[in-house]
Structure formats: structure tokens, C-alpha cells
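The structure appears right after this line, and notes come after that.
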Amino acid sequence: MTRFALKSLAGRKFRTILTALAIVLGVAMISGTYVLTDTIDKAFSSIFADSYAGTDVVVSGRAADISVFGESPQTPPIEASLLDEIRGLDSVEIAMGGVYDEANTKIVGDDGKAVSTNGAPSFGFGLDTSPELSVFNPLNLLEGRWPRGDGEVVVDAGTADREDFAVGETVAISTLKPKQDFEVVGIAKYGDVESLGTATFAIFDVSTAQGLFDREGEFDAISVAGVDGTTTEQLITEIQPILPADAQVKSGAAEAAEDEDEIGEFTSFFRYFLLAFAGIALFVGSFVIFNTLSITVAQRTREFATLRTLGASRRQVLRSVLLEAFIIGFLASVIGLFLGLLLAKGLEALFRALGLGLPVADTVFATRTVVVSLLVGTIITVIAGLFPAIRATRVPPIAAVREGAELPKGRLSRFTPVIAIVLIAVALLLLGYSMFADDVDTAQRLLSIAGGVLLLFVGVAMISSKLVRPLAAVVGLPARAIGGAAGGLARRNSIRNPGRTAATAAALMIGVALVAFVATLAQGMKASNREAIEEQIVADFIITSQDGYTPFVAGAGDAAANAEGTELVTHVRSEVAEIAGHGGYLTGIDPQQITKGYSFDWTDGSDATLATMGDDGLIVSESFAEDHELTVGQQVIVRTGENASTRTEVVGIYKPPPFYPLLGDASLTISAFDELVDRPRNQYTFVNVPGDPTEGVKAALETATDGYPDARVQTRAEWIEKEDQEFDEFLAFLYVLLALSVIISLFGMVNTLVLSVFERTRELGMLRAVGMTRRQARRMIRHESVITALIGAALGLPLGIFLAALVTQALGEFDLRFQVPTGQLIFLVILAVVVGLLAAITPARRAAKLNPLEALHYE
Amino acid sequence: MSTDNGTVVVARDVMRRYGEGETAVDALRGVSVEVPRGRLTAVMGPSGSGKSTLMHILAGLDKPTAGSVTIAGTEITTLKDSDLTKLRRRHIGFVFQFFNLLPMLTAEENITLPLSIAGEKPEEGYFDELIGSVGLKDRLSHRPSELSGGQQQRVAIARALVSRPDVVFADEPTGNLDSTTGTEILELLRHSVEELGQTIVMVTHESRAAAIADRVLYLADGRIVKELSGASQQQISETMDEIARV
């Protein structure tokens with residue numbers, strides 16, 4: 002019987018390959034995701050390992066121990082004099098003081114703008130490159146030499162490569178200071194890492210860096226190596242007593258582990274994000290497998306019956322079909338596994354194209370990748386094959402002597418609608434629970450959303466066989482109008498086996514539903530975003546960093562004040578801080594001027610509150626006030642570090658649009674803010690001009706801020722447009738990932754059509770014999786395919802919109818809008834038609850090729 | 026596995042009704058048959074007479090509404106599917122009108138399929154003898170699509186004989202063949218009864234085919250209406266016409 006299963010597959014190579022493809026892509030996505038994220042992980046961990054390779058302990062400043070969405074306050078500097086003290090300690094062999102900046106160093110590219118890192122760090126280091134201290138230097142010089150004195154810099158190989166920098170050239174770099182020219186004296190790479198992705202590196206000598214980063218007489222960190230035989234613990238105990246309160250000492254290993262944990266969180270989020278798409282692809286694939294095996298089992302009814310008359314037991318029939326599924330699944334998984342290696346490269350290229358370049362080391366192909374890919378792919382195929390296999394066992398031996406024997410209906414088939422409705426009900430309960438229940442942890446919430454959506458799709462797919470008839474009647478209308486008799490037959494064909502059409506359409510339905518869901522949700526988000534900005538901003542111009550969300554050096558904002566033709570220039574500082582004991586975003590504003598750029602919606606207080614607000618005044622957003630029970634008049638401590646805290650009083654509470662609050666959770670005056678924060682940075686600088694904003698003023702602002710290439714001057718409308726554009730870019734990225742599942746459903750449609758044509762050989766022969774032309778035969782198959790695709794779209798669109806409405810409702814606290822993106826959804830329907838046309842190419846050709854005479858002799 | 030009295034299949038008062046209520050059709054209205062060992066029994070009758078139904082029930086492919094059927098001493102009408110499956114492996118062989126060969130297996134693999142299903146190996150001597158007698162020696166590695174209809178039916182007959190079943194049921198074995206090839210197949214069936222001692226029950230509507238039988242049973246309206254032994258083709262044909270006229 003094993004041989005029977007193997008030969009069955011070998012005898013149907015084309016079909017087997019098409020079936021397997023449905024799983025190959027999903028598995029490739031799993032394997033590709035693992036390979037990519039493992040490779041990124043390895044790159045990062047080698048970056049961190051290299052960073053601290055020769056370092057036993059690190060002394061650094063200590064910021065308030067809080068983290069808001071992974072952001073922590075900047076660490077304060079340590080006195081340079083500490084270096085000599087540490088060097089004087091008995092157990093210390095060597096020590097190096099360094100300046101480390103990871104946000105303010107902007108290398109200017111060809112276009113005069115800062116080289117974009119898209120959120121990745123832009124490092125600026127001041128390193129002592131004396132040979133005796135080389136153990137502390139994580140960089141390896143590829144070309145040239147280390148920088149000596151002002152005006153020299155070493156840049157990383159990745160940036161040099163992308164921007165075409167060569168040793169001896171001059172590059173402009175801005176820091177806390179406006180941009181200055183530096184001579185590139187060397188090109189270095191970080192440890193053994195091939196590329197740092199979009200992160201950039203500029204290495205200066207220590208005193209230059211101290212000047213650029215406002216660290217005169219100070220360091221950000223001191224790296225220490227102990228004399229032979231001292232333990233890290235000994236070093237720490239010896240160094241600890243001489244440190245001031247706002248400094249700390251940690252082992253290099255601990256520091257590396259901390260950094261790694263931080264990045265590990267990011268890569269694991271990224272991994273699960275991509276795996277979710279792999280899961281969707283496999284889910285769609287399982288529909289295709291289920292459908293294809295169901296059809297082939299039905300077509301082989303006679304074969305199974307014959308086997309039964311020859312003494313094969315039900316169990317043997319079951320085993321032989323499952324074995325086929327197993328072999329398909331396993332082969333597909335092996336192919337998918339290796340295709341994943343290619344896909345990882347593809348994904349990396351995709352991310353790079355989107356400006357999300359990630360560091361890359363040698364490709365990591367872990368055992369886990371192999372095991373998970375093979376197991377998941379094989380198990381899913383076998384499970385999808387289980388139902389057809391069970392149906393095959395229900396073929397009675399007597400079917401061997403009946404012509405055109407049909408597969409008997411399953412024992413449970415008449416309960417299908419009931420089961421479907423129960424599944425849908427359970428799905429809705431799960432979705433409701435996950436979205437509206439309180440006190441559910443995130444993992445549980447995500448799990449019940451995934452489970453709910455999964456069940457919803459299965460439920461709708463099960464009940465959809467009942468919907469095929471009416472849907473085909475509607476979406477088949479154009480077929481009849483355009484296709485004439487062939488179109489009419491196509492419509493009839495699509496409803497002759499509603500279960501099959503439904504299962505084929507269901508695979509496409511999933512992709513369509515998810516795209517519709519994402520498109521609708523994004524449309525709502527864009528609307529909310531736009532409204533939030535329009536509600537809050539009254540300024541004519543807004544200056545942000547190039548990426549729009551990281552803060553920029555305050556100097557850039559100050560420079561804008563020098564532009565001609567402005568009426569008002571006011572800044573919004575930003576930093577993470579501990580506010581009333583809780584982590585939050587702190588902004589610094591000029592209470593006298595802010596209302597000319599920003600419009601407050603007061604809950605408690607008024608614009609007049611601002612007029613009288615002093616350096617001890619604090620304005621709090623309503624949500625933060627509610628969460629932490631703050632009221633006007635209350636004393637609140639705001640703290641950013643050991644020696645940086647201030648006592649304030651809440652003077653006003655306001656309600657920003659929850660979707661996109663532009664100010665922080667709490668706001669101080671700029672002068673109070675600057676007392677707390679060592680190197681203050683602006684989130685925005687608002688600029689007003691008399692009358693309407695003109696290109697002239699914009700040019701003047703751009704010239705004024707020319708020294709700071711990270712500053713971006715834009716009008717309110719331009720800003721909104723840029724945010725929309727970023728949404729669209731992210732959407733495009735999601736669409737690419739969802740395209741995978743649409744492609745898989747395309748294979749499913751090809752499969753079903755090929756099998757249907759094969760099954761109807763005799764019928765097609767008859768049609769040809771009574772005068773149907775090849776053209777008409779092709780057209781008939783094509784229309785049938787398009788009708789199936791349209792049924793998929795007709796099921797998927799409402800489902801996607803419904804899910805989007807549900808999520809919008811669940812995110813009510815963020816004031817998310819609900820808007821149906823009609824244009825995009827129409828495009829989606831057109832896409833479904835295209836998918837239908839593509840799927841029909843091969844099957845239609847096969848149908849048209851049939852020789853009427855041979856077809857009638859068939860069997 | 027023979028019974029003492031030399032009878033392989035015994036059917037008693039077999040009734041078969043399809044459907045329910047007013048639209049119910051009685052295909053068999055009380056048929057009793059004994060199939061003697063080592064003989065070829067033909068079942069004839071006009072279409073709708075119930076001959077196919079009778080064969081299906083005798084072979085355990087269908088269940089009677091009432092009555093009993095024993096094969097090699099085992100009552101089959103009450104058997105569970107799994108026991109019936111085992112019974113088929115050891116005691117029953119089938120030859121079909123449309124051959125029912127598996128297209129992806131070679132002739133040899135098709136022939137030995139019942140043995141592989143049962144997890145057994147062919148007995149070498151017998152297998153060679155069988156292949157010799159069906160005349161397929163140089164066709165063993167061919168697939169069904171590479172064989173003529175007659176050759177395909179030879180493969181099917183070899184398949185039915187390979188496990189030396191107590192009884193072979195042949196359902197219109199020549200119905201899909203031209204007359205020359207049909208004659209060859211009939212000779213082969215006759216040969217397997219005479220030389221190999223096989224018991225065969227054959228349903229046919231051709232008197233030419235029934236002429237090779239030791240005994241011919243006539244069915245009409247779900248009843249056995251006539252029985253001939255050792256009759257010539259002409260006698261068989263005339264009897265058939267008589268029955269059709271009634």
C-alpha cells in the first residue's frame with residue numbers, strides 16, 4: 002500500500018507539484034523568517050560581544066531607571082578626572098575614557114540632507130585609539146588610519162559604501178554643533194559584522210568628540226581592564242566607592258547582555274510579526290491541500306473501491322491517502338526550507354528597499370529552523386489531508402462496479418451548516434473577548450484574536466458552499482453578458498459542485514479579507530492621524546527631524562529663529578522622564594508662546610493658565626492624569642537622573658486627541674526642562690509667519706537651519722502628507738507579505754480548474770463535438786475561474802471590512818476613525834479578476850487542446 | 026476452506042429492496058442459490074432482472090434486506106466491515122467489466138496487489154503458472170495504458186486468481202471487449218475452472234459467454250425462473266428469449 006501511495010503521486014506529477022507549492026511558500030516564509038532574524042540576532046550579538054570584548058568593567062553615568070516603549074533618558078556624563086582615579090587603582094591594568102553619542106551625529110549625504118538611518122542609531126564616538134588601548138576599540142580599520150585631532154573622522158564601511166565616501170575625501174557631519182567638514186582618514190568595520198544596516202558611524206578622537214558633544218572635561222563611559230588575576234567582582238568592589246551617586250559600574254559582560262536583551266526584544270517581535278504572515282500563508286495553503294486532495298479522492302472513487310474489493314481495509318485506504326499527504330507535505334517542506342534561504346535574502350532586500358536595512362552577519366541556518374519548518378509544513382499538510390482521507394475510507398467496495406460513482410457524503414455533512422454557525426459564533430465570542438475584555442494579558446489577547454480569526458475563516462468557508470449559488474448568480478452576470486453561451490455554462494459549472502467552488506474561493510477569500518482589513522484599518526488611521534494633527538497644530542511651519550519622530554538637537558531650532566520673515570519661533574523639547582513615579586514622555590514648552598503653535602483642549606485650566614505658569618508648573622494630559630490620579634494643585638516630582646529632579650505643581654490638565662498626542666504626557670517650561678536634561682533636544686519647533694506661509698519663508702528657514710541636516714522644515718499640509726505617505730509605505734510592505742497568501746490561493750484555483758477539466762474530459766469532448774469552438778472552451782474555463790475568484794472577493798471583502806470595524810471599535814479609546822477605502826477595495830476586486838484570469842491560463846489551454854473524438858473515447 | 030458438501034456460496038431467501046414507501050423497488054424477491062465448488066455458474070437475465078444485485082449480494086458488496094448468504098461457511102450478511110474485508114482477502118476474487126486496474130501500477134504489480142494488501146508474498150510456482158496460463162509473461166512490466174483491452178482483462182483475471190480465492194465473481198467480463206478477445210477471455214475463465222479448480226460466478230447477458238458455464242441461472246423480476254446445466258449456446262439463447270417474452 003505504501004507503494005500504491007508513492008505510485009499514485011508519481012503518476013500525477015503536475016498535480017502533486019501544484020499541490021505541494023501551496024505548502025512550499027508558507028514553509029519558505031517560516032524558514033526565511035528564522036534565517037533572517039537569526040542572522041540579525043547573530044549580527045547584533047557579535048556587535049555587542051565585540052563592543053565589550055576586551056572590557057572587564059564599564060563605568061558610566063546613571064539615568065533614572067525607567068523605560069517608556071524601550072526608550073530611556075539620556076545617561077548623564079562622568080567627570081574626566083575619574084579616569085585618572087580609576088587608573089590609579091591597584092587592580093586596574095588599563096582604562097580608557099570615551100564619548101559615545103548615538104542620536105545626534107548626522108553624516109551629510111550627497112543631497113545635503115542627513116544620511117537617513119530610519120530609526121537606527123547614528124553613532125558618534127570619541128575613542129582613544131592609542132595602540133595600548135586597542136582592546137577597548139570594537140572597530141577594525143579596513144583602510145587608512147585612526148583620526149588625530151580636529152577635522153578628522155573615520156566612518157563605517159557600510160555608510161562609506163552607500164554614500165561613496167573614500168579616504169581623503171571631505172564629509173560634513175553635524176553633531177550638537179552645526180555641520181562641519183571632516184576629512185575621512187579611515188574606513189572601519191564593526192568587529193566582524195558585514196553591515197550595520199542603516200546605522201551610521203563616525204569616529205573622532207576623544208577631545209574632538211568632547212567638543213562636538215558638549216562633553217568638555219567629561220566622558221560618557223570609562224572602559225576598564227583589570228590586571229591579570231583580578232576578577233570582575235574585585236574590580237567592581239574597588240571602583241564602586243570612588244564613584245559619585247550618578248555613576249555606576251557594571252561588568253562588560255552584563256552590559257553586553259543588557260544591550261542584547263534590548264535588541265532581542267526587537268528581533269523577536271520582528272520574528273513573530275513575520276511568522277504571523279507565514280502562518281497565514283500556511284493556513285491558506287491548508288485550504289488548497291484540503292481542496293485538491295478532496296477532488297483527487299473523489300476522482301479516484303473507483304480506484305479506492307477496487308482496492309476495497311481486493312481486500313484493502315478502511316484503515317489501509319486511510320493510511321495510503323495520509324501517506325500521500327505526508328509525502329507531499331514533507332517534500333514541500335524540504336523545498337520550502339531551502340527556498341527560505343533565498344527568501345531571507347529577498348526579505349532583507351525588501352527591508353533595505355524600504356530603508357529598514359538591518360545588520361547582517363554570516364547566514365545562520367539553525368537546527369531549530371530545519372525542525373520547525375519540516376514539522377509545521379508536514380503536520381499541516383497531513384491535517385488538511387485528514388478529511389479527504391476519511392472520506393476515501395467511506396467509499397464502499399460496490400462503487401467499483403458502478404459507473405460514475407460519486408463519493409458518499411460524510412456522516413457529518415448534513416450538520417455542516419450547524420457546525421459552521423457554531424464555529425462562527427465561537428469565533429465572534431473569542432474576538433469579542435480578545436478586543437473588549439479588560440485585564441487580559443497581551444499574549445492571551447493575541448492568541449484569542451488569532452484563534453477567533455482562524456475559526457471565523459473556517460466557519461465562513463464551511464458555510465460558503467451554501468452561498469455559492471446566489472453569489473454565482475450575481476457575479477456570474479457579467480460572464481453571461483460577455484461570454485454568451487460559454488459564459489452561461491461557466492456560471493452553471495461553478496455551481497455544479499458548490500463545495501468545491503466554495504473551498505477554492507475560500508483560499509482567495511482569506512487573502513482578500515486580510516488585504517481589505519488592513520486597507521480599511523489604515524484608511525481609518527490616516528484619517529485619525531490627519532484629524533489629530535489638524536486639531537492640535539495651528540503653526541504655519543513645523544520643524545522636525547528628518548524621520549519625523551526622533552527629536553533633533555535644540556541648536557537647530559534656535560538657528561531657525563534667525564530666519565527672516567518669521568513672526569514666532571517656539572520649541573517643544575522632549576525626553577523620557579519619571580513623572581510622579583511613573584515613566585512617561587516629558588516635553589518642555591514656552592508657556593507664553595506655545596498656544597500660537599499648538600491648540601490645547603483644556604479639561605481643567607485654560608490658555609490663561611499658561612500665561613501664569615512658572616518653572617515649577619506642570620501641565621498633564623488627561624489620560625496620564627487619570628491613570629496616575631493627578632489633579633490640579635497636586636505636587637509632582639519630575640526626575641531624569643540621580644542628580645536631576647524637580648518638584649512641580651500640576652497647573653492644568655488638557656485632552657489631546659488620543660490617536661496622536663503631539664505633546665508628552667506632561668509638560669514643563671523649557672527653562673525647567675533644560676535644568677533637568679543634560680543635552681536638551683526638540684521634538685518640534687513651531688514657526689509662524691505674518692499672513693500665509695510662503696515658499697520664500699520656507700527657503701529662509703531651510704537656509705537658517707542648513708547647519709543641521711537632520712532638521713526638516715514643512716508646512717502643516719506637507720507634514721500630514723508625509724505621514725500619509727509613510728502609512729502607505731508600511732501598507733505596501735504589508736501587502737507584499739499578504740501577496741504570498743494570494744499567490745497560494747492562485748495555485749489552489751489552478752489546481753481545482755485543472756482537475757475539473759480533467760474530470761470533464763468527456764463532457765468537454767461532447768461540447769466540442771456539438772460545435773463549441775476552442776475559443777469558446779477556453780472562454781468557458783476562464784469565466785468559471787473569474788466567477789470563483791469573484792466569489793472569493795465577495796466573501797472576503799465584507800469579512801475584512803467587518804474585522805476592521807471590530808478592531809476600530811476595540812481601539813475606541815484611541816479615537817480611531819472608520820472609513821471604507823472604496824477605491825482600494827475596487828482595485829482589490831479587479832485584482833481578484835486578474836487572479837482568476839491568471840489561474841485559468843493553463844487549464845483553459847488544456848481544455849481547448851482536447852480532441853473531441855479522443856475526449857469521447859476517454860475512459 | 027471448503028465446506029464439506031462442496032458448496033462455496035449459499036444464499037437463502039435473499040430479498041433486496043431499494044428505496045422506501047411508494048417508490049420502493051424490489052430488486053430481489055426471495056432468491057436461494059448454491060454455488061458448487063469447482064464449477065462455473067452463470068447468471069443471466071434481462072436488464073432490471075436483478076442479476077447484478079444478486080451478484081453484489083453474493084459477493085458481500087451489498088447487503089440483502091432479508092435472507093442469508095454464506096461464503097465458505099461464513100455468514101456474511103451480518104459481518105462487520107473489517108471482517109468482511111478479511112473475508113475478501115482470502116476467499117473472494119473479482120473480475121470487472123471495465124477491468125478496474127490501477128493505472129499507475131505495472132501489470133505485475135496489479136496482479137500481486139491483493140497479496141501486497143494482505144501483506145503476503147506470491148507463491149513462486151503458482152504465480153509463474155498463473156502468468157503462463159493467462160499469457161502475460163512478456164507484458165508484466167507494462168502499465169494498463171500500454172495494454173490492449175483483452176490484455177487488461179487477462180491482468181484482471183490473474184489478479185482475481187492470484188490469492189486462490191474460494192470463489193471469483195465476474196461481472197460482465199466480456200462486456201467491454203470485441204468478440205474475438207471476448208472468446209479468449211471466456212476460454213481463460215473456463216481453463217481456470219478446469220485446470221486450476223477455480224469456482225466462478227459470472228453475470229452476463231451474452232449467451233455466448235454463458236455457454237461456457239456448467240450451470241446457467243435465469244433471473245427475471247427478482248426471482249430465479251429457470252436453471253440449465255451443460256446447455257449449448259443455442260439452448261441458452263432460446264431460453265433467454267422465452268424469458269424475455271414472458
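Note that the protein sequences, when read in sequence, are chains P and D.
Converting from the first sequence to this note's numbering requires adding 1 to each position, the first position being numbered 1.
Converting from the second sequence to this note's numbering requires adding 25 to each position, the first position being numbered 1.
Ideal placement from N, C-alpha and C gives every residue a C-beta, glycine not left out.
Any C-beta of chain P under 7 Å from that of residue i
{"i": "residue 26 of chain D", "result": "Unreliable positioning characterises residue 26 of chain D in this predicted model, as indicated by a pLDDT of 40, which lies under 50. The coordinate reading is nonetheless provided below. Not an interface residue."}
{"i": "residue 40 of chain D", "result": "no"}
{"i": "residue 78 of chain D", "result": "no"}
{"i": "residue 132 of chain D", "result": "no"}
{"i": "residue 113 of chain D", "result": "yes"}
{"i": "residue 246 of chain D", "result": "no"}
{"i": "residue 191 of chain D", "result": "no"}
{"i": "residue 167 of chain D", "result": "no"}
{"i": "residue 203 of chain D", "result": "no"}
{"i": "residue 37 of chain D", "result": "no"}
Cβ-Cβ separation, residue j to residue i (assumed contact under 8 Å), whole Å
{"i": "residue 96 of chain D", "j": "residue 112 of chain D", "result": "7 Å"}
{"i": "residue 66 of chain D", "j": "residue 196 of chain D", "result": "Not quite, the Cβ-Cβ distance comes to about 13 Å (not below 8 Å), so this is no contact."}
{"i": "residue 798 of chain P", "j": "residue 517 of chain P", "result": "5 Å"}
{"i": "residue 846 of chain P", "j": "residue 755 of chain P", "result": "Not really, about 10 Å apart at Cβ, beyond 8 Å."}
{"i": "residue 179 of chain P", "j": "residue 709 of chain P", "result": "6 Å"}
{"i": "residue 227 of chain P", "j": "residue 164 of chain P", "result": "Not confirmed; about 40 Å, so no contact."}
{"i": "residue 759 of chain P", "j": "residue 23 of chain P", "result": "At roughly 18 Å, the Cβ-Cβ gap does not stay under 8 Å, so residue 759 of chain P and residue 23 of chain P are not in contact."}
{"i": "residue 121 of chain D", "j": "residue 181 of chain D", "result": "7 Å"}
Below-7 Å beta-carbon distance, residue i vs any chain D residue
{"i": "residue 318 of chain P", "result": "no"}
{"i": "residue 304 of chain P", "result": "yes"}
{"i": "residue 527 of chain P", "result": "no"}
{"i": "residue 326 of chain P", "result": "no"}
{"i": "residue 865 of chain P", "result": "Since the first and last residues shown for chain P are 2 and 860, residue 865 of chain P lies out of range."}
{"i": "residue 8 of chain P", "result": "yes"}
{"i": "residue 12 of chain P", "result": "yes"}
{"i": "residue 297 of chain P", "result": "no"}
Distance CB(residue i)-CB(residue j) smaller than 7 Å
{"i": "residue 487 of chain P", "j": "residue 788 of chain P", "result": "no"}
{"i": "residue 683 of chain P", "j": "residue 553 of chain P", "result": "yes"}
{"i": "residue 201 of chain P", "j": "residue 160 of chain P", "result": "yes"}
{"i": "residue 573 of chain P", "j": "residue 685 of chain P", "result": "yes"}
{"i": "residue 87 of chain P", "j": "residue 81 of chain P", "result": "no"}
{"i": "residue 579 of chain P", "j": "residue 640 of chain P", "result": "yes"}
{"i": "residue 62 of chain P", "j": "residue 77 of chain P", "result": "yes"}
Chain-ordered chain D contacts of residue i [CB-CB under 9 Å]
{"i": "residue 308 of chain P", "result": "127, 138, 142"}
Contacts of residue i in chain P (Cβ-Cβ under 7 Å)
{"i": "residue 224 of chain D", "result": "Those within 7 Å of residue 224 of chain D in chain P number zero; the least Cβ separation is about 17 Å."}
{"i": "residue 87 of chain D", "result": "399"}
{"i": "residue 106 of chain D", "result": "315"}
{"i": "residue 196 of chain D", "result": "402"}
Proximal chain D residues relative to residue i, where beta-carbon distance stays under 8 Å
{"i": "residue 313 of chain P", "result": "110, 142"}
8 Å Cβ cut-off: residues of chain P touching residue i
{"i": "residue 121 of chain D", "result": "307, 401, 402"}
{"i": "residue 81 of chain D", "result": "399, 402"}
### Interface residues of the stretch 390 to 404 of chain P facing chain D [CB-CB below 7 Å]
398, 399, 401, 402
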